[in-house]
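Taking it in order: structure first as structure tokens, then the write-up.
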Amino acid sequence: MPGSYGKLRDISRRTALSALGAGIIGATVASWPRLSGTDIPGRGDNSLSIAIMGTAADAAARQRVVDAFARVHPEIRIKVQAIQAVDWKDFFTKILTMVAAGTPPDVVYVATEGAQLFAEKLAHPLDEYLRRDAADMREYFSDVHPSLVEAFMYKGSLYQLPIDWNAANMYYNTAALRQAGLDRPADDWTHLDFRATLAAMRKARPSDFTPYYWTNRLFGGVVPWLYANDTSFLKETKAPGGTWLWDTFYASDPSKSLRSGGYQWLEPNADDPRVFESFDYLRGLVKDGLGVRPEEGGGSSLIGLFASNRIGTTPAGGYWVQGLHEAGMGENDFDVQFFPRWRSQRHQFGTAGYAIMKTAKDKDAAWEWVKYTASLDAMRLVFPTPNTTPSRRSMVNEQLYAKTGPKHWKVFYDTLDRFPTTGPIPAPAQQAAVETALMKNVSLAVSGDERQLKQALDSMQRDLELALRRHA
Amino acid sequence: MTAQTTALPSKRRQAAGPGHPVSIPGRERQRWLPWAFLAPTILGMGLFTLLPIVASVLLAFFRWDIISAPQFVGLDNFVEAAQDPTVRVSFVNTLVFVALAVSLQLGLALALAILIQERLPSWLRVFFRSAFFFPLILSAASVSIFMRYLFNEQFGVVNWLLSLVGIPAVPWLTTPTGSAAVVILVYVWQNFGFSFLLFIGGLASIPVETYEAASLDGATGWRKHLHVTLPLLSPTTLVASVMAIINALQVFDQPYVLTRGGPGDSTRTAVMVIFESAFQRLEFGQASAIGVILTLIIMAITAAQFRLSKRFVFYQ
């Protein structure tokens, strides 16, 4: 025992610390699989991972659909990953980061802004599944306007089924309209009528009030005015193909002849005289104090400002209704009308739906999810309140808007029926670069004199040329 | 190291008995033990600093969009970056921003530090030190969102306050001059507290006797500061300016949240272009090339500062 005691005395503090360090490193190495593998949602099991833009609360809100899906397909396990993002561009960036990290989700909820980026690079076409399950899918397509479906066609194939959508309609504050001594504008009001409305509102409320509030972004910014003037900042063409889909599901639709294999935006168009004309109109609104100089991405404060009666009109879609209701606006405090007419009354819309990733482990299971979420049962679970416009016509009904208004809620879906050329947000695969090229020149274009407007549009044309040349 | 090798064996010598040399294994342990303690830091630096730097420099010679395999393109990314007007404008903006923001930041920090150190009682000094440092611990993104509301042309508090004295609404965030001014103001407001603390420390280290001697020589008021404070504070000023310039060259949060680089490219900075190239356009190679150029500029400016410091910095 004295000998062993002597050996114990030989263990210095340093030896003990070294042993402790080695122990920690050993424990870390031993626990490594737990730190990198199964902790990642969807990895390490056969779950289908679904990425949506939103918070954990948004993911929880989808739980009812997940539960309902589980009853129909108990063999498929679903994990919903909510990814917080400022806007769609930010969301796509995060998805791409997941792809780069080697942990892509199997299915992603993608809006128009990213539809062609995903179709070009990341998504798997739905054609084979639609052909196989055509009988099941007829009911869905009979309830969804073909304009929405066409927005998800790319080079003749369909990549997503539209679940919700929103057109840029014109919201107005009914009290502001009354104070200006005006009635509800006509369905076919023109851009000049709109200007006269703003002028009357300004006269009735000279201060602490903005007759027309708009933001500088791809949806609801300058683009609706370009569409109304029958132009755009990108030349719009359509791809051939897709006839199989229109023949199968929209054979008797009156607008079938308009449909194609998908939109293409291959060249800039900012030097079109009509683009100048549209910008000049907006410049006039800003100059005369009828509209604001648009800030970039400033939509977050808009509901509060509108609900506090400080804004007369603003372009927005059906997604605004629930927000205004929650902000305290009664059903008669606001209303909605079609966007004003110019050379046309073509509207701009955005839509969203699930895309199956090329890398999805089980594409058949992913298709079952896509198909189920497009069903009436699933969509009723997802959209109990009007915080967006469901893609199914049958769901855009009096019941949905009963508690919230607006009185003329029919405007939302009628936009597609009345104006069948209504088109999606112009978002090619290079959307991020294109959006930057547009947005960065809008403020300058509408804030100065005619010479500055011309310079801004020349700059936009150059920037767009560069953006479209880039690899998506 | 010397202290360690002389102090530690003494105990062992006691344990081994007088006249017994330290054992060979013990010496070996002493040789690798410092490395063992340094290993986590070296490993961390290697993995999270050195490796990304090397990877980034290599990536600058490839075209890579995350999805497809990287493709070697030689110097194309550097050529494209040099030809891209947005990149060129962003570098000019960044340099102008650095010149204005750093001058304002250091000037304000120095003036306030002298004022507070000289004129205020000690308890108030403590309060102001904390108050001026406080913005630095806030998230730049949160501050910028808040400031965006304050500077809103129609509904912002700033324009409301100006309207009380009859000044018409200023388009702060929608004109090139206004947005640049707001970005600089918000940046300086948030960052000058650090320079302020450095100057407070520097002022405290200047011996009182120097001022007394200057007074005896007839120096008063600002002449004392000009001929005593500024020269003796020059080492602190060098450190503060090096850090401020390096930080300002990397400005991102404020312009990104406040203006998204607009209107036009008026507030677009070099780091914003790197972010947009990489994470919005998926041009990771070009983003790396711009990053390499920015790093070289930072290194050149810092080297120039240290070179110039030999002439202008006075060490006591």
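Protein chains in written order, with this note's numbering: chain A, 1 to 472; chain B, 473 to 788.
Each residue gets a CB set at the ideal place from its N, CA and C atoms; glycine is no exception.
Small disclaimer: the values here were computed from a predicted structure and weren't measured.
Per-residue burial, residue i [other beta carbons within 10 Å of its own, 16 or more giving buried]
i: B/Tyr787; result: exposed
i: A/Lys203; result: exposed
i: A/Ser4; result: Here the model assigns A/Ser4 a pLDDT of 45, short of 50, so the residue's position is not dependable and the matter cannot be decided.
i: B/Leu519; result: exposed
i: A/Thr38; result: Confidence in A/Thr38 is poor, its pLDDT being 47 and thus under 50, which makes the residue's placement too unreliable to answer from.
i: A/Ala135; result: exposed
i: A/Ile311; result: buried
i: B/Gln726; result: buried
i: A/Met53; result: buried
Distance between residue j and residue i (C-alpha atoms, nearest Å)
i: B/Phe569; j: A/Ala433; result: 24 angstroms
i: A/Pro428; j: A/Leu218; result: 12 angstroms
i: A/Trp88; j: A/Glu113; result: 7 angstroms
i: A/Arg346; j: B/Phe604; result: 54 angstroms
i: A/Gly261; j: A/Ser252; result: 18 angstroms
i: A/Leu464; j: A/Val144; result: 33 angstroms
i: B/Asp689; j: B/Leu584; result: 26 angstroms
i: B/Phe627; j: A/Arg62; result: 36 angstroms
i: B/Ala716; j: B/Val723; result: 11 angstroms
i: B/Ser687; j: B/Glu681; result: 10 angstroms
i: B/Ser677; j: B/Gln577; result: 21 angstroms
i: A/Asp187; j: A/Met170; result: 11 angstroms
i: B/Val654; j: B/Val574; result: 15 angstroms
i: A/Ala82; j: A/Met395; result: 25 angstroms
i: B/Ile539; j: B/Gly516; result: 28 angstroms
i: A/Gln452; j: A/Asn387; result: 39 angstroms
i: A/Gln430; j: A/Val411; result: 32 angstroms
i: A/Asp166; j: A/Gly317; result: The residue you asked about is not Asp; residue 166 of chain A is Asn in the sequence shown. For A/Asn166 and A/Gly317, the distance between alpha carbons rounds to 5 angstroms.
i: A/Tyr401; j: A/Ala307; result: 17 angstroms
i: A/Arg71; j: A/Asp272; result: 55 angstroms
i: A/Leu348; j: A/Pro424; result: At residue 348 of chain A the sequence reads Gln, which differs from the Leu that was named. When rounded, the distance between both Cα atoms is 6 angstroms.
i: B/His699; j: B/Trp661; result: 29 angstroms
i: A/Arg77; j: A/Leu48; result: 6 angstroms
i: B/Ala527; j: A/Met153; result: 38 angstroms
i: A/Gly42; j: A/Ser257; result: Low confidence applies here, because A/Gly42 scores a pLDDT of 49, under 50, leaving its location unreliable and the question unanswered by this model.
i: B/Gly579; j: B/Ala772; result: 23 angstroms
i: A/Thr103; j: B/Gly757; result: 22 angstroms
i: A/Thr243; j: A/Arg138; result: 16 angstroms
i: B/His558; j: B/Leu547; result: Checking the sequence shown, residue 558 of chain B turns out to be Thr, not His. Whole-angstrom Cα-Cα distance: 19 angstroms.
Short Cβ contact (8 angstroms threshold) for residue i with residue j
i: A/Arg131; j: A/Ala176; result: no
i: A/Tyr263; j: A/Phe141; result: no
i: A/Glu435; j: B/Leu645; result: no
i: B/Thr712; j: B/Phe671; result: Residue identity differs from the one stated: residue 712 of chain B is Ala in this sequence, not Thr. Taking 8 angstroms as the Cβ cut-off, B/Ala712 and B/Phe671 qualify as a contacting pair.
i: A/Ala467; j: A/Leu457; result: no
i: A/His124; j: A/Lys363; result: yes
i: A/Ala352; j: A/Ala111; result: yes
i: B/Thr647; j: A/Ser278; result: no
i: B/Ile718; j: B/Ala553; result: no
i: A/Asp335; j: A/Lys407; result: yes
Residue closest to residue i, alpha-carbon to alpha-carbon, out of the options
i: B/Leu721; options: B/Thr767, B/Thr701, B/Leu505; result: B/Thr767
i: A/Gly405; options: A/Tyr159, A/Gln337, A/Ala123, A/Trp244; result: A/Gln337
i: B/Gly763; options: B/Asn549, B/Pro506, B/Phe520, B/Asp537; result: B/Asn549
i: A/Lys79; options: A/Leu117, A/Pro104, A/Ile50; result: A/Ile50
i: A/Thr359; options: A/Val72, A/Ile95, A/Pro185, A/Arg64; result: A/Ile95
i: A/Ala196; options: A/Gly242, A/Pro340, A/Ala355; result: A/Pro340
i: A/Lys440; options: B/Phe623, B/Gln777, B/Gly665, B/Val745; result: B/Val745
i: A/Leu416; options: A/Trp367, A/Gly350, A/Lys403; result: A/Gly350
i: A/Glu120; options: A/Tyr159, A/Gln84, A/Met137, A/Asn397; result: A/Tyr159
i: A/Asp106; options: A/Gln399, A/Ala366, A/Glu277; result: A/Ala366
i: B/Asp556; options: B/Arg501, B/Val529, B/Trp595, B/Ser749; result: B/Ser749
i: B/Leu669; options: B/Arg601, B/Val629, B/Leu510; result: B/Arg601
Those residues which DSSP pairs with residue i across a bridge
i: A/Pro390; result: A/Asp164
i: A/Ser157; result: A/Tyr154
i: A/Pro424; result: A/Phe349
i: A/Val382; result: BP columns for A/Val382 are empty, so no partner.
i: B/Gly516; result: DSSP output for B/Gly516 lists no bridge partner at all.
i: A/Thr210; result: A/Ile311
i: B/Arg535; result: B/Gln543
i: B/Val745; result: Paired residue(s): none; B/Val745 is not in a bridge.
i: A/Lys79; result: A/Ser49
i: A/Pro268; result: A/Leu234
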